[in-house]
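Respectively, the protein sequence lines represent chains Z and X. Here the first sequence is numbered in the UniProt record's numbering, starting from 1 and rising by one per residue. Here the second sequence is numbered in the UniProt record's numbering, starting from 1 and rising by one per residue. Where a beta carbon is used, it is the ideal one built from N, C-alpha and C, also for glycine.
Number of protein chains: 2
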Amino acid sequence: MAADGGGEPDHLAGERATAQFDVDGMKVAWAGSRHAVEVADRMARLVASDPVFRKDTRTMLSRKELFKDTLKKAAHAWKRIVELRLTEEEANLLRLYVDQPGYVDLHWGMFVPAIKGQGTEEQQKKWLPMAYKFQIIGCYAQTELGHGSNVQGLETTATFDPSTDEFVMHSPTLTSSKWWPGGLGKASTHAVVYARLITEGKDYGIHGFIVQLRSLDDHSPLPGVTLGDIGGKFGSGAYNSMDNGVLRFDHVRIPRDQMLMRLSQVTREGKYVHSDVPKQLLYGTMVYVRQTIVADASKALSRAVCIAVRYSAIRKQFGSQDGGPETQVLNYKTQQSRLFPLLASAYAYRFVGQWLKWLYTDVNQKLEAKDYSTLPEAHACTAGLKSVTTSATADAIEECRKLCGGHGYLNSSGLPELFAVYVPACTYEGDNVVLLLQVARFLMKTVSQVAAGKQPVGTIAYMGNIQHLMQCKSAVNTAEDWLNPAAIKEVFEARALRMAVNCAQNISKAPSQEEGFSELSPDLLEAAVAHVQLIIVTKFIEKLQEDIPGPGVKEQLQKLCSIYALHLLHKHLGDFLSTGCVTARQGALANELLGKLYAQVRPNAVALVDAFDYTDHYLGSVLGRYDGDVYPALYEEAWKDPLNETVVPDGYQEHLRPLLKQQLKLSRL
Amino acid sequence: MAADGGGEPDHLAGERATAQFDVDGMKVAWAGSRHAVEVADRMARLVASDPVFRKDTRTMLSRKELFKDTLKKAAHAWKRIVELRLTEEEANLLRLYVDQPGYVDLHWGMFVPAIKGQGTEEQQKKWLPMAYKFQIIGCYAQTELGHGSNVQGLETTATFDPSTDEFVMHSPTLTSSKWWPGGLGKASTHAVVYARLITEGKDYGIHGFIVQLRSLDDHSPLPGVTLGDIGGKFGSGAYNSMDNGVLRFDHVRIPRDQMLMRLSQVTREGKYVHSDVPKQLLYGTMVYVRQTIVADASKALSRAVCIAVRYSAIRKQFGSQDGGPETQVLNYKTQQSRLFPLLASAYAYRFVGQWLKWLYTDVNQKLEAKDYSTLPEAHACTAGLKSVTTSATADAIEECRKLCGGHGYLNSSGLPELFAVYVPACTYEGDNVVLLLQVARFLMKTVSQVAAGKQPVGTIAYMGNIQHLMQCKSAVNTAEDWLNPAAIKEVFEARALRMAVNCAQNISKAPSQEEGFSELSPDLLEAAVAHVQLIIVTKFIEKLQEDIPGPGVKEQLQKLCSIYALHLLHKHLGDFLSTGCVTARQGALANELLGKLYAQVRPNAVALVDAFDYTDHYLGSVLGRYDGDVYPALYEEAWKDPLNETVVPDGYQEHLRPLLKQQLKLSRL
Ligand SMILES: Cc1cc2nc3c(=O)[nH]c(=O)nc-3n(C[C@H](O)[C@H](O)[C@H](O)COP(=O)(O)OP(=O)(O)OC[C@H]3O[C@@H](n4cnc5c(N)ncnc54)[C@H](O)[C@@H]3O)c2cc1C
Ligand SMILES: Cc1cc2nc3c(=O)[nH]c(=O)nc-3n(C[C@H](O)[C@H](O)[C@H](O)COP(=O)(O)OP(=O)(O)OC[C@H]3O[C@@H](n4cnc5c(N)ncnc54)[C@H](O)[C@@H]3O)c2cc1C
Ligand SMILES: [Ca+2]
């Protein structure tokens with residue numbers, strides 16, 4: 001697909017002709033199945049061909065216009081979903097390709113799952129049908145002005161009043177104002193609000209409540225409810241289509257049965273009681289949400305890489321010495337060494353994301369069987385993957401922008417908006433540093449369990465191999481030896497384990513475990529990253545053990561897997577050397593092999609990004625056009641700027657002419 | 001200064017009380033002299049107190065409003081400069097604190113210097129007085145749609161026509177359109193245009209020409225001249241205040257004497273002749289421009305760090321185990337390990353910038369004395385410093401934004417705009433990778449000269465010490481040994497030299513020097529970075545050998561210098577280990593010392609950013625407020641968003657109500 005044009009010449013045809021693998025086969029590997037390719041393709045075309053979903057002037061809209069445009073697109077998307085009787089899978093893809101953050105994301109992504117996960121069956125029966133039909137619009141109101149990461153510090157109160165059988169929602173301080181929830185500012189009629197539950201004079205900590213915020217008649221805020229948008233955010237367009245909001249309660253009353261009561265209840269008399277449902281059930285939702293975030297990372301990264309690869313194949317700069325044609329910048333080794341690891345990362349994240357989908361079903365099955373033993377591992381693993389993939393993706397998008405030189409700085413390149421809309425993924429659903437510290441805690445716990453003879457499972461199982469991993473020496477002796485997945489896995493395992501063990505030993509020297517953990521926390525972050533990188537590398541290697549059809553497809557993925565692992569080895573060489581996992585010479589061999597792999601990927605680069613199967617609409621970039629016809633498109637886009645409505649600018653008479661004519665009215669002092 | 005409020009409580013007073021040094025003394029060290037502090041302070045207050053220079057709603061303006069606002073501010077600034085008879089130093093500072101990119105930047109920063117550097121005395125006499133009085137507004141039109149880095153590839157032609165004694169300026173292709181010049185789109189009346197000079201049928205390559213673009217009567221483009229803005233750029237506000245422009249010529253004629261003729265001329269008959277002025281004279285301008293870019297890096301970085309440090313001292317998240325007050329996030333070791341190296345970098349860049357000012361006068365003196373021997377070294381050094389400081393600053397601003405958690409994503413934090421306006425510094429005035437490759441070429445040349453027994457000078461002099469540096473082993477044996485500047489310098493020199501020598505050896509194995517250079521270019525980038533980091537470390541150490549008055553001032557700077565160097569050692573540990581400059585144990589000791597230094601800097605952190613002496617106006621951040629009263633300010637800013645003009649949003653009737661009321665008009669298919 002993707003080729004939007006008809007008989008137009010394809011400026012990248014030469015690049016496509018050099019591919020050494022079957023692009024259709026790669027599409028299947030990327031999407032997960034032939035069916036997934038087909039549905040994605042159909043939904044992408046549906047969106048791209050519908051004028052309501054145009055987004056080419058989005059960065060020029062005022063905040064109000066942009067928000068209105070988002071309401072329009074959301075309603076239109078829903079209309080199409082209903083009219084075409086789309087399946088849930090199709091509807092999700094349609095929303096993905098509409099590619100404009102809005103209240104529906106929180107409605108489906110947070111409000112509905114919160115009720116499903118934390119509501120009783122009765123509550124689900126009452127609220128979900130309304131939500132499914134959009135009779136109500138819901139958001140997820142947790143964060144406050146004063147507290148984000150530390151959820152236990154939230155200040156909003158929900159005080160039970162037995163005289164009326166109601167909770168009184170209240171914002172006792174300025175810092176207790178709800179702040180950030182998407183969809184809250186203008187669109188939502190309801191919210192799941194997190195507040196301190198107080199009954200019988202006792203504070204039972206944070207619980208969720210379904211609260212109606214706006215009238216269903218005229219959308220005005222209910223009495224005692226103050227609502228607003230929290231203001232402009234990073235970038236033009238980008239996340240400004242979302243009404244992240246502020247909410248204050250002045251003693252707002254809700255019926256008792258709007259407390260989400262699956263895990264605990266307040267009785268008619270005001271007694272707080274725990275149900276027998278185990279807390280761990282909430283983990284399922286968390287694994288689900290993080291899995292979507294990792295999947296989103298591979299999407300955002302692959303978009304950026306697609307733009308940078310295609311443009312680098314078009315862009316020429318500097319000639320051969322003898323005045324021949326100029327060199328495509330994609331031929332420069334520096335351009336390759338910056339770009340191809342990002343291409344490899346896009347594939348790596350895609351596959352670890354596919355594995356996380358499997359993990360989610362696995363966790364759910366275990367939960368149903370009341371087997372909670374693997375939950376801490378699943379928690380640490382998903383927290384770490386969320387953190388590492390989103391941080392790396394944010395950096396990578398900006399690197400792709402720089403790889404496009406000056407033109408990458410134009411909104412028409414699509415990259416500024418992609419960056420601005422993506423970066424909050426590093427912060428929401430858990431600040432990335434806070435998450436890594438959780439991973440580190442889990443690692444420290446595992447190290448001490450291993451020392452006590454316990455055999456760890458899942459992604460941490462390698463730690464059971466401590467005897468070998470603490471003293472092994474890599475047998476790599478030639479650059480090509482690094483092509484062996486076992487060689488890669490061994491050094492990544494050894495590095496991760498040794499860093500964790502080092503930290504544990506240093507912590508044990510501190511006066512207390514807590515002090516030690518805090519002092520060592522910068523090192524613990526690095527150990528956590530090493531562990532997570534190992535997971536990603538391992539899952540890529542495991543993917544390659546599957547049957548992957550299509551001529552040349554697996555071979556290309558093997559190269560990308562090697563690039564992914566070896567660029568990390570090179571980037572974190574200090575880790576590998578200081579823990580004695582590799583020698584300086586082995587490090588140099590890895591680097592040498594990287595150079596060779598870049599050369600091998602070069603003729604396949606454009607085809608490898610074609611396999612993402614993105615439409616020009618979804619890419620939203622004049623530089624990333626499928627047909628490579630970049631320059632006329634850049635030129636045309638420029639003239640759309642409102643500043644070009646007149647050739648002599650507004651302000652000339654007042655502010656330029658007097659200056660040029662030496663007629664500024666001066667007040668000599 | 002900076003404290004804008006009157007008797008308001010200072011929420012950071014406690015932090016300021018713990019400082020162990022004289023903040024006024026530090027202000028002098030930062031600004032360069034007591035005089036510099038005083039002037040900067042006066043100009044900053046002048047701008048901050050003038051309502052025309054308000055910028056708090058800048059990110060909410062439409063492109064047209066923003067551009068008009070920029071014209072207004074520029075005219076008003078000029079009015080104040082004339083009225084108050086400001087000196088050049090004062091005027092430059094005033095423009096700095098106005099803090100809004102606009103045509104004046106290019107007029108003063110590129111157009112005037114180009115005429116000064118490349119114009120004959122006659123040409124200077126004719127054009128400069130008009131420019132100085134703003135009778136004309138000029139820009140610098142070099143880059144084209146198709147060519148940026150490769151200036152020799154520009155396509156615009158200037159063909160001499162002896163029949164009329166004129167040059168004919170022409171844009172033969174779409175890609176030859178001038179593209180990017182700031183001030184070109186809407187404001188400039190003139191430009192220095194770079195074009196291929198063609199005379200007597202021969203192409204003499206790229207030369208500069210002064211070209212009038214617009215009528216001085218009504219500002220309309222002259223016949224044959226197409227002008228426009230190239231469209232929206234990264235971010236809201238940010239660089240969108242600038243009219244980066246597109247320019248096409250359709251056979252536009254200019255008098256012959258508007259070719260910039262200092263270095264070469266075309267005679268009345270059309271003969272191309274070189275003057276006896278040596279080409280190297282152009283280097284002076286280049287060193288000047290790059291020096292200002294390094295100075296700008298320290299400004300942008302220090303602003304971001306100031307915001308992040310102050311907010312991290314206010315922001316609390318998570319409590320002590322026993323329910324006591326929550327912890328300031330600045331107390332977390334991870335926050336410190338991410339933030340304090342950036343604080344140290346701000347100081348490091350400031351001092352290397354001050355040294356570059358000296359280098360500029362030194363280069364000029366040598367040029368006048370016709371001593372061109374040190375020019376290649378000055379060229380490589382400034383290219384490298386431009387590249388390394390701007391890349392690191394761009395990354396650092398984004399890290400500071402992340403250090404502020406969710407609130408850093410709001411425009412009111414100031415950080416999104418600071419990032420968006422700053423990042424093009426990595427691209428303009430030389431793409432950072434292209435510049436590093438130039439440094440690398442110089443390094444390779446120096447290595448071979450050293451091998452031939454030549455003694456290198458200036459920042460590369462250390463390479464003369466090759467005997468020692470190739471085999472020395474660091475004597476560091478305790479963490480505190482790393483406090484010794486000589487110990488630091490030795491390992492940084494050894495690392496830089498060994499990486500360069502490694503590259504040179506690997507290149508020599510290639511079939512040709514060119515092929516080798518190209519194959520090795522990713523490694524060469526790393527070698528170049530190592531060399532430039534050494535320069536910055538060395539200049540910081542040299543600064544500390546000066547007399548620095550004020551109790552405790554030098555002690556603080558010594559700590560920051562150690563942090564700057566050791567965080568680099570830790571970050572690039574792979575370089576140091578693989579070249580055998582330090583052992584794994586020495587690396588661990590450096591890391592241990594870093595942790596101790598962070599703890600020592602902690603009580604001084606807020607005072608160290610106060611020493612930048614920035615007004616709240618210049619910072620433009622509710623999170624970075626001098627008084628730390630963050631939350632009411634965040635709250636108030638939110639309500640200014642246009643989306644909050646109505647409580648029920650525009651679009652409700654059309655797009656929300658029909659959805660909620662199940663009244664979307666469906667067309668069943
Ligand atoms: C675009 C966007 C959308 C959002 N949508 C929603 C939504 O729909 N609903 C909702 O409820 N919320 C939402 N949020 C809020 C988001 O969940 C929080 O911003 C996030 O949890 C981070 O918390 P914080 O902002 O308080 O950061 P902070 O925790 O204040 O972080 C500040 C700094 O402190 C550091 N830090 C904090 N704690 C520790 C620690 N223990 N150890 C070491 N360092 C620490 C962090 O690493 C960071 O560097 C959204 C935020 C954004 C930006
Ligand atoms: C905000 C802004 C303001 C500007 N203002 C002006 C102005 O006032 N006047 C003006 O004339 N211009 C201006 N420019 C243009 C600017 O000077 C160019 O963008 C810059 O020189 C980079 O060139 P490019 O855009 O062609 O990048 P390219 O050279 O096309 O870079 C694309 C990629 O190719 C790589 N690359 C290029 N050559 C090589 C090589 N030999 N080896 C390895 N890699 C290579 C780069 O590293 C980059 O990754 C401005 C640009 C911006 C963004
Ligand atoms: Ca905007």
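Proximity below 8 Å, CB of residue i to CB of residue j
| i | j | result |
| --- | --- | --- |
| Tyr332 of chain Z | Cys404 of chain Z | no |
| Leu94 of chain X | Leu46 of chain X | yes |
| Ala141 of chain Z | Tyr204 of chain Z | no |
| Ser413 of chain Z | Val622 of chain Z | yes |
Where residue i falls, given that 16 or more other Cβ within 10 Å makes a residue buried
| i | result |
| --- | --- |
| Ala77 of chain X | buried |
| Pro325 of chain X | exposed |
| Gln663 of chain X | exposed |
| Trp30 of chain X | buried |
| Asn477 of chain X | exposed |
| Ala2 of chain X | Reliability of the predicted coordinates at Ala2 of chain X is poor, the pLDDT of 41 falling under 50, and no value is obtained from them. |
| Trp358 of chain Z | exposed |
| Phe484 of chain X | The sequence shown places Asn at residue 484 of chain X, rather than the Phe named in the question. The residue in question, Asn484 of chain X, is exposed, as its Cβ has fewer than 16 Cβ neighbours within 10 Å. |
Local conformation of residue i per DSSP, three classes
| i | result |
| --- | --- |
| Thr334 of chain X | helix |
| Cys400 of chain Z | helix |
| His570 of chain X | helix |
| Asp217 of chain X | coil |
| Leu469 of chain X | helix |
| Lys27 of chain Z | helix |
| Trp639 of chain Z | coil |
| Gln20 of chain Z | coil |
| Pro649 of chain Z | coil |
| Asp4 of chain Z | Confidence at Asp4 of chain Z is low in this model, with a pLDDT of 47, below 50, so its placement is unreliable and the value that follows should be read with caution. Note: Asp4 of chain Z maps to coil in three-state DSSP. |
Same chain, Cβ closer than 7 Å to residue i, neighbours up to 5 away in sequence not counted
| i | result |
| --- | --- |
| Cys306 of chain Z | Val609, Phe612, Tyr614, Leu619, Gly624 |
| Gln135 of chain Z | none |
6 Å CB neighbourhood of residue i in its chain, flanking five on each side removed
| i | result |
| --- | --- |
| Pro603 of chain X | Thr18 |
| Gln265 of chain Z | Val273 |
| Val112 of chain Z | Ala131 |
| Gly237 of chain X | Arg58, Thr59, Glu417 |
| Pro456 of chain X | Thr446, Met463, Gly464 |
Spatial neighbours of residue i in its chain, beta-carbon cut-off 8 Å, leaving aside the 5 residues before and after
| i | result |
| --- | --- |
| Leu342 of chain Z | Leu301, Ala304, Val305, Ala308, Ala396, Glu399, Cys400 |
Within chain B, partners of residue i - CB distance below 8 Å
| i | result |
| --- | --- |
| Val647 of chain X | Included in the structure are the protein chains Z and X, with no chain B among them. |
> Three or more C-beta pairs closer than 8 Å, one from the stretch 582 to 593 of chain X and one from the stretch 566 to 579 of chain Z: is that the case here?
Replying inline: yes
>> Within 8 Å, do at least three Cβ pairs link the stretch 588 to 600 of chain Z to the stretch 362 to 374 of chain Z?
In response: no
> Taking one C-beta from the stretch 419 to 432 of chain Z and one from the stretch 327 to 342 of chain Z each time, how about it: are there three or more such pairs within less than 8 Å?
Replying inline: no
> Is there contact here, the stretch 165 to 184 of chain X with the stretch 238 to 253 of chain X, by at least three beta-carbon pairs under 8 Å?
Replying inline: yes
>> Check whether the stretch 514 to 528 of chain Z and the stretch 558 to 566 of chain Z touch, using three or more Cβ-Cβ pairs below 8 Å as the test.
In response: no
> Any contact of the stretch 255 to 262 of chain Z with the stretch 65 to 83 of chain Z, i.e. 3+ C-beta pairs under 8 Å?
Replying inline: no
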